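**Student:**
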Amino acid sequence: MTEKLDPKSADDILKKYDKESDTMMYKGVMAKIVSAIAITFSVFQLYTATFGVLDAQLQRAVHLGFGLALVYLLYPTRKSWSRYKVHPFDVLLAVLGAATPAYIVMEYQHLVLRSGTVSGIDLVVGLLGILLVIEATRRIVGLPMVCVVLAFLIYAFAGPYMPGVLAHRGLTIEQLVGHLYFTTEGIFGIPLGVSSTFIFLFILFGAYLESTGLGKFFIDLANAIAGWASGGPAKVAVLSSGLMGTVSGSSVANVVGTGSLTIPMMKKLGYHKDFAGAVEAAASTGGQLMPPVMGAAAFLMAEFGVPYIDIVKAAIVPAFLYFAGIWLGVHFEAKRGNLKGIPRSQLPKIGTILRERGHLALPLIVIVYLLVSGYTPMRAALVAIVLSILCSALRKSTRMKPIEIVRGLDRGARNVLSVLVACASAGIIIGVVTKTGVGLKLASGLLDLSGGLLLPTMFFTMITAIILGMGVPTTANYVITSTIAAPALVQMGVPVLCAHMFVFYFGIIADVTPPVALAAFAGSGISGGNPLRTGINASKLAIAAFIIPYMFVLSPVLLMIEGTALDLLLTTLTALIGMVALSSALIGYLADDCSTVERLVLIAGGLMMIKPGFLTDIAGFALFVVILLLQLKRRKSAVQA
312 MTEKLDPKSA DDILKKYDKE SDTMMYKGVM AKIVSAIAIT FSVFQLYTAT
362 FGVLDAQLQR AVHLGFGLAL VYLLYPTRKS WSRYKVHPFD VLLAVLGAAT
412 PAYIVMEYQH LVLRSGTVSG IDLVVGLLGI LLVIEATRRI VGLPMVCVVL
462 AFLIYAFAGP YMPGVLAHRG LTIEQLVGHL YFTTEGIFGI PLGVSSTFIF
512 LFILFGAYLE STGLGKFFID LANAIAGWAS GGPAKVAVLS SGLMGTVSGS
562 SVANVVGTGS LTIPMMKKLG YHKDFAGAVE AAASTGGQLM PPVMGAAAFL
612 MAEFGVPYID IVKAAIVPAF LYFAGIWLGV HFEAKRGNLK GIPRSQLPKI
662 GTILRERGHL ALPLIVIVYL LVSGYTPMRA ALVAIVLSIL CSALRKSTRM
712 KPIEIVRGLD RGARNVLSVL VACASAGIII GVVTKTGVGL KLASGLLDLS
762 GGLLLPTMFF TMITAIILGM GVPTTANYVI TSTIAAPALV QMGVPVLCAH
812 MFVFYFGIIA DVTPPVALAA FAGSGISGGN PLRTGINASK LAIAAFIIPY
862 MFVLSPVLLM IEGTALDLLL TTLTALIGMV ALSSALIGYL ADDCSTVERL
912 VLIAGGLMMI KPGFLTDIAG FALFVVILLL QLKRRKSAVQ A
């Protein structure tokens, strides 16, 4: 029925576009040592989640120590070094990476009593710890993030020489190191705190779900639901990527995981290779918008003052509109190219899939129920981890062996490393921002630049988030923009949740926005298409993500913040019709091929319906109906002729 990309080729593509996946490949004793460290790391996290976390700085220090040790053992200093034998220099850095946070654990009481006074040995350890975090960032996150961190560190010292509002008194090396490494305002701040609690457990939960075969269950279920429709494989890609997004936090990993199956299916059906790769890239990127995990950003938002369950509820309608936009795009492309679906006889049956593997989805259902019932995310994730193992045992075909349970601990610890390091380096940025007060200055500067008007402020914030997102991972991007740009929106009266969701959305969409569109590049690597054209197609398919944030800032009812259920229903319905108009205009097909004028009218009508307001909704709907009726009449005439 289907062909799948060779696993080795898929692995090579993943390593090329996802630094987190390009690790050492140890064998023998070294492999066992690294696995033992990773498993111990997971056991520590599970133990503290079960019996109570340590004091904030102690919990985060142990978390960082394990993380740095694993990063230096798994990611070599140079790409040219052997991937099968550890280099002594990396062993030294791994030991130092574990030792510098361990200093905080061992000297914790003395550090508390000194209350911010930095001794000579404190200065050496703290400076070394900061440098080790920056080097770990280079290895697993990438140079763009390092450049951002270094720019903020330079700013900390260069304050007296900065112009205008950016000027400050400047910091001494002792002040900076003390603030960044020996308080919970820098490296050991909120982002690392979230990583050391909620994020780790949810990533471990995802690792166990992956072990149970949930990914294949999602793809088979999507095939059964949508594989028979026009352009079926493309719709399967959209649906399966959305389902995978509920537990996955990586756009590129999602592209390779589901795309290795769906992209060859799309090409075989008749989709152009540039479009096939774009569909998977846009859909996989949207996975980070799907509650309850949302690429780990939901937990960070919760720590910044918004209740977690409110974030999950707020994300539902925007995520639905995003995936609806992609679904419509592939549907119109299929209609335009007369691309049929897969015969039903070749597709799995929904009843059979649910009967044989439906139990694998139970942990997901339970975790949502627990969150709605008032459980903390940490406790809900802990229950779900245990349940994922128990549910897999309900059938012999999905049952995990004891060794697979142990390997899940190993894989979970490895999967968290990029988020852990990104959170630590983002803590450096936050530390500089809080110590120098530059956050408020930048927010004020943004307001001055926009003339105090909301739409220009939103536009400049969007550009900032997209540019940062081109080289900075989603988690760190959100932390930076929520610290610097979101306050400008809040100052203009935008609800806090709307402001945070706004910067979060645009940080994510950078994954499909050329010129640096990693998800699109990974999709083109599988499809054999042109990376730039794939990125452009992915941006067109993901057009909803460029519009929806403006919608929920102007009409918070979409985030279930204000208004009644009827208001939410009407706003969602008009936005959905607006998405139909926009998608058909971008693809060039509604009920028939669109002329240039018709496409322009559809774009105008779509934007009017997306913009909140009764009059604009009526005007936009009228334009849409006129074009639809004209095309239906034209198609009927062509058939009769």
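Residue numbering for the sequence shown follows the numbering used here, starting at 312 and increasing by one per position. All residues carry an ideal CB built from backbone N, CA and C; glycine is no exception. Here the structure is a predicted model, which is why all the values come from computation and not from measurement.
Go through its chain and collect everything with a Cβ distance to Asp-904's Cβ below 8 angstroms, but skip five positions before and after it.
**Tutor:** Here residue 904 corresponds to residue number 593 of the sequence shown, with the count starting at 1. Cβ within range, chain order: Arg-647.
**Student:** Contact between the stretch 728 to 744 and the stretch 449 to 458 is defined here as three or more beta-carbon pairs at a separation below 8 angstroms; is this criterion met?
**Tutor:** The answer is yes - the stretch 449 to 458 touches the stretch 728 to 744, with three or more Cβ pairs under 8 angstroms.
**Student:** Taking the alpha carbon of Asn-726 as the point to measure from, which residue in Gly-517, Leu-477, Val-950, Ala-405 has its own alpha carbon closest?
**Tutor:** Taking the first residue of the sequence shown as 1, we reach residue 726 at position 415. Among Gly-517, Leu-477, Val-950, Ala-405, the Cα nearest to that of Asn-726 is on Gly-517.
**Student:** For Ala-564, which of helix, strand or coil comes out of DSSP?
**Tutor:** If you number the sequence shown from 1, residue 564 lands on position 253. Looking at Ala-564 - three-state DSSP - the assignment turns out to be helix.
**Student:** What's the call for Thr-569, buried or exposed, on a 16-neighbour Cβ count within 10 Å?
**Tutor:** For the purposes of this step, residue 569 is taken as the residue at position 258 of the sequence shown. Counting Cβ neighbours within 10 Å, Thr-569 comes out buried, since at least 16 surround it.
**Student:** Counting only runs that start and end within the stretch 418 to 502, where is the alpha helix (DSSP H) found for 4 or more residues in a row?
**Tutor:** Whole alpha helix (DSSP H) segments, 4+ residues: 419 to 425, 431 to 451, 454 to 469, 484 to 492.
**Student:** Decide if Leu-415 is buried, meaning its Cβ has at least 16 other Cβ atoms within 10 Å, or exposed.
**Tutor:** For the purposes of this step, residue 415 is taken as residue 104 along the sequence shown, with counting starting at 1. The sequence given here places Ile at residue 415; Leu does not occur at that position. Its Cβ being crowded by 16 or more others within 10 Å, Ile-415 is buried.
**Student:** Below 8 angstroms between beta carbons: does that hold for Ala-776 and Gly-818?
**Tutor:** Locating residue 776 in the sequence shown gives position 465, counting from the first residue. Locating residue 818 in the sequence shown gives position 507, counting from the first residue. It is a contact, given that the beta carbons lie within the stated cut-off.
**Student:** For Ser-703, count neighbouring C-beta atoms within 10 Å of its own C-beta (all shown protein chains included) and say buried if the count is 16 or more, exposed if not.
**Tutor:** By one-based count along the sequence shown, residue 703 stands at place 392. Ser-703 is buried by the Cβ-count criterion.
**Student:** Might you give, ordered along the chain, the residues of its own chain that have their beta carbon closer than 7 angstroms to the beta carbon of Gly-899, omitting 5 neighbours on each side?
**Tutor:** For this step, residue 899 is matched to residue 588 along the sequence shown. Result list for Gly-899: Arg-647, Cys-905, Arg-910, in chain order.
**Student:** Tell me which residues share the same chain as Met-920 and place their Cβ nearer than 8 angstroms to its Cβ, disregarding the 5 neighbours each side in the sequence.
**Tutor:** Residue 920 sits at position 609 when you count from the first residue of the sequence shown. These residues qualify, in order along the chain: Thr-885, Ala-886, Ile-888, Gly-889, Ala-892, Thr-927, Asp-928, Gly-931, Phe-932, Phe-935.
**Student:** Does DSSP classify Asp-366 as helix, strand or coil?
**Tutor:** Within the sequence shown, the letter at position 55 stands for residue 366. Asp-366: coil per DSSP, three-state reduction.
**Student:** Out of curiosity, what's the CA-to-CA distance linking Thr-313 and Met-577?
**Tutor:** Walking along the sequence shown from the start, residue 313 turns up at place 2. Walking along the sequence shown from the start, residue 577 turns up at place 266. The predicted position of Thr-313 is uncertain, since its pLDDT is 49 and thus under 50; no value can be drawn from it.
**Student:** Which residue from Val-488, Ile-739, Gly-378 puts its Cα closest to that of Gly-435?
**Tutor:** On the sequence shown, position 124 is the one that residue 435 refers to. Checking the displayed sequence, the identity of residue 435 turns out to be Val instead of Gly. The shortest Cα separation from Val-435 among Val-488, Ile-739, Gly-378 belongs to Val-488.
**Student:** Residues in its own chain within less than 7 angstroms of Leu-880 by CB, not counting five upstream and five downstream?
**Tutor:** Locating residue 880 in the sequence shown gives position 569, counting from the first residue. Taken in chain order, the list of residues that qualify is empty.
**Student:** Measuring alpha carbon to alpha carbon, tell me which residue in Ala-535, Ala-589, Gly-742 is nearest Ser-656.
**Tutor:** Taking the first residue of the sequence shown as position 1, residue 656 is located at position 345. Answer by Cα proximity: Ala-535.
**Student:** Pro-502: which of Ile-348, Gln-370, Leu-515, Val-563 sits nearest, CA to CA?
**Tutor:** Counted from its first residue, the sequence shown places residue 502 at position 191. Among Ile-348, Gln-370, Leu-515, Val-563, the Cα nearest to that of Pro-502 belongs to Gln-370.
**Student:** Exposed or buried, which one is Gly-616 when buried takes at least 16 other CB atoms within 10 Å?
**Tutor:** On the sequence shown, residue 616 is found 305 positions in, with the first residue counted as 1. Exposed, since its Cβ has fewer than 16 Cβ neighbours within 10 Å.
**Student:** So which of Glu-418, Ile-661, Pro-659, Val-697 has the shortest CA-CA distance to Leu-675?
**Tutor:** Taking the first residue of the sequence shown as position 1, residue 675 is located at position 364. Comparing Cα positions, the closest option is Val-697.
**Student:** With the cut-off set at 8 angstroms, would you say Ile-350 and Val-717 are in Cβ contact?
**Tutor:** Within the sequence shown, the letter at position 39 stands for residue 350. Within the sequence shown, the letter at position 406 stands for residue 717. Result yes, Cβ atoms of Ile-350 and Val-717 sit closer than 8 angstroms.
**Student:** Which of the three DSSP states, helix, strand or coil, is assigned to Tyr-383?
**Tutor:** As a position in the sequence shown, residue 383 is number 72, starting the count at 1. In this structure, Tyr-383 counts as helix in the three-state DSSP scheme.
**Student:** Extract the residue ranges of the alpha helix (DSSP H) inside the stretch 771 to 836, only unbroken runs of 4 or more that lie entirely within it.
**Tutor:** Listed in chain order, they are 785 to 795, 797 to 802, 807 to 820.
**Student:** In terms of DSSP beta bridges, what is Asp-904 paired with?
**Tutor:** Along the sequence shown, one-based indexing puts residue 904 at 593. According to DSSP, Asp-904 bridges with Tyr-900.
**Student:** How do the stretch 625 to 632 and the stretch 576 to 593 stand: do at least 3 beta-carbon pairs fall below 8 angstroms, yes or no?
**Tutor:** Contact fails: fewer than three Cβ-Cβ distances are below 8 angstroms.
**Student:** Take Arg-945 and list the residues in its own chain whose beta-carbon comes closer than 6 angstroms to its own, dropping the five residues that flank it on each side.
**Tutor:** Here residue 945 corresponds to residue number 634 of the sequence shown, with the count starting at 1. Asp-903, listed in sequence order.
**Student:** Does DSSP put Met-312 in a helix, a strand or coil?
**Tutor:** Against the sequence shown, residue 312 aligns to sequence position 1. With a pLDDT of 45 at Met-312, under the threshold of 50, the predicted position of this residue should be treated as unreliable, though the coordinate-derived value follows. Coil, per DSSP.
**Student:** What do you get for Gln-951, buried or exposed, if any count of 16 or more other CB atoms within 10 angstroms of its CB means buried?
**Tutor:** As a first step, residue 951 is located in the sequence shown; it is residue number 640 there, counting from the start. Exposed, because fewer than 16 other Cβ atoms sit within 10 Å of the Cβ of Gln-951.
**Student:** Under 7 angstroms Cβ to Cβ from Ala-915, same chain only, skipping five residues before and after it: list those, please.
**Tutor:** Within the sequence shown, numbered from 1, the residue matching residue 915 stands at position 604. Cβ within range, chain order: Leu-934.
**Student:** Between Glu-485 and Thr-745, is the Cβ-Cβ spacing less than 8 angstroms?
**Tutor:** Numbered from its first residue, the sequence shown carries residue 485 at position 174. Numbered from its first residue, the sequence shown carries residue 745 at position 434. Taking 8 angstroms as the Cβ cut-off, Glu-485 and Thr-745 do not qualify as a contacting pair.
**Student:** Report all residues from its chain with a CB closer than 7 angstroms to the CB of Ala-413; omit the five preceding and five following residues, and keep chain order.
**Tutor:** What you label residue 413 is simply residue 102 of the sequence shown in a count that begins at 1. Closer than 7 angstroms at the Cβ level, and outside the excluded window around Ala-413, lie Gly-376.
**Student:** How would you write the range of the alpha helix (DSSP H) that Gly-839 sits in, first residue to last?
**Tutor:** The residue labelled residue 839 in the question sits at position 528 within the sequence shown. Unbroken run through Gly-839: none, as it is neither H nor E.
**Student:** With C-beta atoms as the reference, is Leu-779 less than 8 angstroms away from Ile-791?
**Tutor:** Residue numbering aside, residue 779 sits at position 468 when the sequence shown is read from its first letter. Residue numbering aside, residue 791 sits at position 480 when the sequence shown is read from its first letter. For Leu-779 and Ile-791, yes; Cβs fall inside 8 angstroms.
**Student:** Is the CB-CB distance between Ala-830 and Val-823 below 8 angstroms?
**Tutor:** Here residue 830 corresponds to residue number 519 of the sequence shown, with the count starting at 1. Here residue 823 corresponds to residue number 512 of the sequence shown, with the count starting at 1. Result yes, Cβ atoms of Ala-830 and Val-823 sit closer than 8 angstroms.
**Student:** Which whole-angstrom value is the C-beta distance of Ala-592 and Thr-785, which I expect to be below 8 angstroms?
**Tutor:** The residue given as residue 592 occupies position 281 in the sequence shown. The residue given as residue 785 occupies position 474 in the sequence shown. Rounded, the Cβ-Cβ distance is 15 angstroms, inconsistent with contact.
**Student:** DSSP three-state call for Ala-754: helix, strand or coil?
**Tutor:** By one-based count along the sequence shown, residue 754 stands at place 443. Note: Ala-754 maps to helix in three-state DSSP.
**Student:** Measuring straight from C-alpha to C-alpha, what distance separates Val-805 and Thr-747?
**Tutor:** Residue 805 sits at position 494 when you count from the first residue of the sequence shown. Residue 747 sits at position 436 when you count from the first residue of the sequence shown. Approximately 25 angstroms, taken between the alpha carbons.
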